[in-house]
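K.L.:
One structure coming up, written as structure tokens, with questions to follow.
Residue numbers (the UniProt record's numbering): 1 to 246.
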């Protein structure tokens, strides 16, 4: 007699990307510790705070503190680290709560370290981005230094280096093979009148994209006819891996 299992997964990941040749890095933080991640561009894949084996972070711990194997995925690392060159997340209960009281836990993070390109458009200019798949990391229209786009400009036009304006470059360029955004006030408004501005864009050039938005996955599995070992799905920025036992 076959048993039947229903699996419902809600997918809410706007941009999932894979990049051939980019290795996944993995780090452990023992409970109470905090070791910073550092690279060109951090993209967290999974982050678990708990315990999944008896040996990791076991030095000086009793058997009671190592016996409970419990795992729970968290999005905190994604919020704090994605898109940054470096980040540090303390492996403490005050950040993640305590999923298994009395157990000595650790933070297990897997992430990608991706390279990125950086371009400047001087005010009034427009230079197109072009690659396999554009993923904008940061974009600012304003001025943050005295030297960029400074040729022929007066000191007054270069003095304000605290000029920031969030842009819609992500909306315009993400997922495209090429895009062009004019660095003009009519597109971004004028965040600092009288200052000669520039558009500063940092972005990834990835080989392809896969977009999933507000999609439901429903599968009926029958023992003996189909064996599903692992299902992956995304929710609120986290990628989850669920093992199904039939």
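Glycine included, each C-beta is placed from N, C-alpha and C at the ideal position.
Keep in mind the model is a prediction, meaning the values are calculated, not measured.
On the CB-based measure, 16 or more other CB atoms within 10 Å of its CB, does residue 188 come out buried or exposed?
P.N.:
Position 188 of the chain shown holds residue 188. With a 10 Å radius around the Cβ and a threshold of 16 neighbouring Cβ atoms, residue 188 comes out buried.
K.L.:
Quick check: the Cα distance between residue 174 and residue 104, rounded to an integer number of angstroms?
P.N.:
One-based indexing of the chain shown puts residue 174 at position 174. One-based indexing of the chain shown puts residue 104 at position 104. Their Cα atoms are separated by approximately 42 Å.
K.L.:
How would you call residue 251, buried or exposed, if buried means at least 16 neighbouring beta carbons within 10 angstroms?
P.N.:
Nothing in the structure corresponds to residue 251, since the chain is present only between 1 and 246.
K.L.:
Please classify residue 196 as buried or exposed, where buried requires at least 16 other C-beta atoms within 10 Å of its C-beta.
P.N.:
Here residue 196 refers to the residue found at position 196 of the chain shown. Residue 196 should be labelled buried.
K.L.:
Do you know whose CA, among 148, 99, 24, lies nearest residue 69's CA?
P.N.:
Counted from its first residue, the chain shown places residue 69 at position 69. Nearest C-alpha to residue 69: 99.
K.L.:
Measure the C-alpha to C-alpha separation of residue 64 and residue 53 and round it to an integer number of angstroms.
P.N.:
By one-based count along the chain shown, residue 64 stands at place 64. By one-based count along the chain shown, residue 53 stands at place 53. Near 13 Å, if we compare the C-alpha coordinates of residue 53 and residue 64.
K.L.:
On the CB-based measure, 16 or more other CB atoms within 10 Å of its CB, does residue 220 come out buried or exposed?
P.N.:
The residue labelled residue 220 in the question sits at position 220 within the chain shown. Annotation note: pLDDT 36 at residue 220 (below 50); position unreliable, no value reported.
K.L.:
My parser needs the beta strand (DSSP E) runs of 3 or more residues fully inside the segment 132-171; what are they?
P.N.:
134-142
K.L.:
Where does residue 110 fall in DSSP's three states?
P.N.:
Sequence index remark: in the chain shown, residue 110 carries index 110 (1-based). Reduced to three states, the DSSP call for residue 110 is strand.
K.L.:
Would residue 31 and residue 141 be called neighbours here (beta carbons separated by less than 7 Å)?
P.N.:
Sequence index remark: in the chain shown, residue 31 carries index 31 (1-based). Sequence index remark: in the chain shown, residue 141 carries index 141 (1-based). No Cβ-Cβ contact shorter than 7 Å links residue 31 with residue 141.
K.L.:
For residue 27, which residues in the same chain have their Cβ closer than 6 Å to its Cβ, ignoring the five residues on either side in sequence?
P.N.:
Along the chain shown, read from residue 1 onward, the residue named residue 27 stands at position 27. Excluding its 5 nearest sequence neighbours in each direction, residue 27 has C-beta neighbours in its own chain below 6 Å: 109, listed in chain order.
K.L.:
With C-beta atoms as the reference, is residue 135 less than 7 Å away from residue 206?
P.N.:
In the chain shown, the residue the question calls residue 135 occupies position 135. In the chain shown, the residue the question calls residue 206 occupies position 206. A contact, by the Cβ cut-off of 7 Å.
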